[in-house]
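Enquirer:
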Amino acid sequence: MQTNPDLILREIYGKSILMPIRYNEASNDPIYLNDVAALIWKKVAASNDLYELKKSICEIYELDEDSTEAYSVEKFITQLIENEIIFY
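Take the sequence shown: its letters are residues 5 to 92, numbered as in our numbering.
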């Protein structure tokens with residue numbers, strides 16, 4: 005997996021923000037991330053697929069992989085893929 009090369013993560017005043025570094029027809033607005041979303045962004049490159057990434061996040065937050073929270077993590081990762089913020 006990989007992150008979109010047109011976005012770069014910046015930490016500004018303790019906030020995680022994805023900043024566009026090239027013109028984007030859809031939006032040039034920054035994307036504000038919560039702590040879990042920022043961690044997902046940072047872990048993408050070390051993961052081979054969606055389920056490995058989900059497992060990594062579940063281990064960090066001590067979530068059961070069959071829990072509602074783990075499902076939410078998986079759904080969020082899927083949305084990132086669909087919106088081309090990360091690539092699978």
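Think of the CB as a built atom: it goes at the ideal place given N, C-alpha and C, for glycine as much as any other residue.
1) Around the C-beta of N8, are 16 or more other C-beta atoms found within 10 angstroms, so that it is buried, or is it exposed?
2) Are the segment 55-68 and the segment 17-33 in contact at 8 Å, needing three or more beta carbon pairs?
3) How far does the alpha helix (DSSP H) with S60 in it reach, from first residue to last?
4) Per the DSSP calculation, R14 is bridged to which residue(s)?
5) By DSSP's criteria, I89 is part of a beta bridge. Which residues make up the other side?
6) Kindly identify the DSSP beta-bridge partner or partners of Q6.
7) State yes or no: is the C-beta of M5 within less than 8 Å of the C-beta of F91?
8) Taking the CB atoms as reference points, tell me whether L57 and K47 lie closer together than 8 Å.
Expert: By the coordinates alone:
1) N8 is buried by the Cβ-count criterion.
2) no
3) 54-64
4) I21
5) I89 pairs with nothing; no bridge assigned.
6) Under DSSP, Q6 forms a beta bridge with F91.
7) yes
8) yes
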